[in-house]
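Read the structure below first, then the notes.
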Amino acid sequence: MRKKILCLLLVALSLNGYSQNRKGEFRLFDENQHQLLVSFEIPKQAEEIADYYFQTNQEFKNFIENNKLDLKIAFEWNEEHFNALRNSAITYSESDKSVIVLKGMYVITNNLPNDVLYRLADQLEQYDFVRYAELNPLTPIQPPFIDIPPTTPNYQQSQNYIQVNPGVNMQYAWNRGIYGQGIRVRDIEYGMSVTHEELTDPKFSNQLPISSLVSPSWLDHGTATAGVVAAHNGNYGVTGMQHGISEFKVFPEYTTSGYNRLFAINSAISASVAGDVILYEMQTGGVNSTTNSPNYVPAEYVNSIWDVTKAATSAGIHIVAAAGNGDQNLDHTSYLSYKNRGDSGALMVGAGSSNTTHSRLSFSTYGQRVNVQGWGMNVLSAGYGDYALLGNDPNQSYTLFSGTSSATPVVASCVIALLARAKQSNYNLSPAEIRTILISTGIAQGGNTAQNIGPLPNMMSALNYLDNYLLSNNKVDAIPMNVFPNPATGELYVTFPDEFSSNEIVIFDTVGREVYTIKNYKSNTSLKVSFLKSGMYVLKMKSNNAEQSKKIIIK
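Residue numbers (the numbering used here): 306 to 860.
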């Protein structure tokens with residue numbers, strides 16, 4: 306049934322990301338030191354892939370020995386978790402190929418100058434069992450943040466992104482009691498301040514020791530991201546869009562061991578299972594990038610990042626990724642090699658305006674690969690202190706977050722809400738299902754739609770779509786119930802089989818507010834509704850893994 310519902314999307318996701326020739330894409334980002342990564346084809350009979358080719362191909366052996374190269378596997382996987390990812394990939398994607406390919410990634414550990422590494426990359430790609438070589442910078446890449454001055458007068462009014470259009474209407478999810486319960490979140494960037502007054506709960510943590518060389522403003526970037534998603538729900542500051550998540554962990558790119566983006570991503574994936582959410586709060590240089598003009602695009606533009614992303618999403622892990630702040634057109638022929646890889650399965654996020662136009666902001670990278678948009682400006686969150694710095698204390702600092710940096714956690718929060726709702730019905734949504742729901746129910750992009758950044762999520766439409774999806778596609782059992790009279794005045798009755806006597810009935814108004822709840826309701830007994838104002842409501846009944854909803858009208 307999953308394949309039938311999502312057939313059009315899955316066709317798009319089935320492009321030849323593995324069979325396509327991905328050689329010749331390596332490049333030097335700048336004059337700073339780089340690392341050479343090699344991706345090998347996976348021979349069925351080998352555990353140590355590089356060693357297998359070393360032993361079976363004399364030319365390759367001579368090449369390694371003559372250049373005195375030290376090859377090391379890029380990431381040591383926990384075998385139990387790796388096999389669990391493979392099994393999840395078979396469940397969600399019917400193939401574990403995207404996961405297995407990660408075993409073939411190796412790095413050259415020799416400290417060599419860039420020109421030598423470039424020559425070696427070219428020579429390595431001459432071997433037919435090398436999928437690609439790439440040169441990754443060992444210096445940090447700026448996170449996708451645009452500094453826009455604060456303009457709004459107070460915290461609550463500035464969190465309009467939580468409310469109805471032009472916001473995503475996360476308030477509707479809150480009204481239905483959906484706060485991200487049971488969902489785990491990982492964030493890939495440079496760290497966050499766990500002493501900030503919004504992030505002191507133990508669920509916030511940095512998973513690796515952060516390098517002392519990391520700019521304080523880049524740490525604030527993580528603080529702001531965490532604040533959008535899960536800042537505390539209290540009587541001060543801001544409130545996170547899905548503040549009820551079980552954990553928010555940052556896997557830093559720049560640790561005391563050095564800068565290594567791929568290691569950070571793999572560490573997050575190795576700590577994740579199907580149903581977890583990973584944020585890519587990062588970008589990379591695009592075509593013709595220079596130090597002064599980096600032309601920022603999605604991090605997965607790098608071959609190895611695309612591979613690990615595909616592996617994660619194939620195994621049911623949700624990745625929400627910033628499109629980047631480079632004003633790049635991913636549909637341009639200069640990005641054809643990236644486009645031809647196919648779809649990694651990540652939900653790609655562009656930066657849109659904070660008004661009802663929902664137009665692309667000038668800095669946002671765009672194209673058909675960008676799936677949805679979030680607010681790229683005026684997103685009030687924790688950190689920085691350019692909006693407010695109370696008592697000159699960095700732990701009481703607030704900012705108007707912006708860029709694809711702010712758009713990504715806004716969208717990630719919508720993903721979390723859908724996952725939490727489905728979890729209530731004991732169903733795990735796949736990344737493809739999430740994407741379909743958000744795109745098909747979102748608020749359309751305005752402005753120049755030829756520069757695509759997709760629709761803005763609409764949580765009321767998305768959650769109602771999900772409710773119907775779960776019922777109509779047998780994801781949960783439907784309770785055979787009747788509600789009468791409808792329209793009703795002072796009372797109404799609900800009838801259903803006796804097997805559903807252990808139940809909960811909730812009535813919601815049209816904006817999702819819970820207006821009436823009763824537990825263990827007995828079939829065909831009176832429900833007093835005279836206190837309700839005239840209008841339309843939704844009556845929802847749940848009983849174990851079964852549920853049903855009916856629209857009712859109160860006169």
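Quick reminder that beta carbons are idealized off the backbone N, C-alpha and C, glycines included. None of these values were measured; they are calculated from a predicted model.
| Check | Outcome |
| --- | --- |
| So, for N465: in the same chain, excluding its five sequence neighbours on each side, which residues have a beta-carbon less than 6 Å away from its beta-carbon? | G472 |
| So if DSSP puts R491 in a beta bridge, which residue, or which two residues, is it bridged to? | K554 and I583 |
| According to the Cβ coordinates, are S664 and G752 closer than 7 Å? | yes |
| Candidates Y826, Y774 and E819: which alpha carbon is nearest D803's? | Y826 |
| For E809, which residues from the same chain have a beta carbon less than 6 Å from its beta carbon, with the 5 sequence-adjacent residues on both sides left out? | K824 and K847 |
| From the DSSP output, which residues share a beta bridge with F509? | F553 |
| Just verifying my parser: in three-state terms, what is the DSSP assignment at K402? | helix |
| By the DSSP assignment, the alpha helix (DSSP H) with M653 in it spans what residues? | Looking at the DSSP string, M653 is not in any alpha helix (DSSP H); the run it does join, the beta strand (DSSP E), is L652 to G657. |
| Whole-angstrom Cβ separation of V781 and S730, contact assumed at under 8 Å? | 4 Å |
| Hey, would you say P514 sits closer than 7 Å to T560, going by beta carbons? | yes |
| Is G672 closer than 7 Å to D632 when the C-beta atoms are compared? | no |
| Would you say the stretch 682-693 touches the stretch 528-535, given that touching needs at least three Cβ pairs under 8 Å? | yes |
| When burial is assigned at 16 or more other CB atoms within 10 Å of the CB, is I354 buried or exposed? | buried |
| So the candidates are L723, L734 and I784; which of them puts its Cα closest to the Cα of A478? | L723 |
| May I have a chain-ordered list of the alpha helix (DSSP H) segments no shorter than 4 residues that lie completely inside the stretch 635-712? | 641-645 |
| Check whether the Cβ atoms of A628 and T709 sit closer than 7 Å, and answer yes or no. | yes |
| Would you mind reading off the limits of the beta strand (DSSP E) that contains K349? | No beta strand (DSSP E) contains K349, which DSSP labels as neither H nor E. |
| Closer than 8 Å is the cut-off here; do at least three beta carbon pairs connect the stretch 543-555 with the stretch 476-490? | yes |
| From which residue to which residue does the beta strand (DSSP E) around Y437 run? | V435 to P442 |
| Kindly indicate which three-state DSSP category F450 falls into: helix, strand or coil? | coil |
| Do the CB positions of V582 and I721 come within less than 7 Å of each other? | yes |
| Can you tell me which of the three DSSP states Y842 falls into? | strand |
| Please report whether the beta-carbon of Q340 lies at a distance below 7 Å from any beta-carbon of chain D. | Annotation note: the requested chain D is absent from the structure, which comprises a single protein chain. |
| Cβ of N441 within 7 Å of Cβ of L518? | no |
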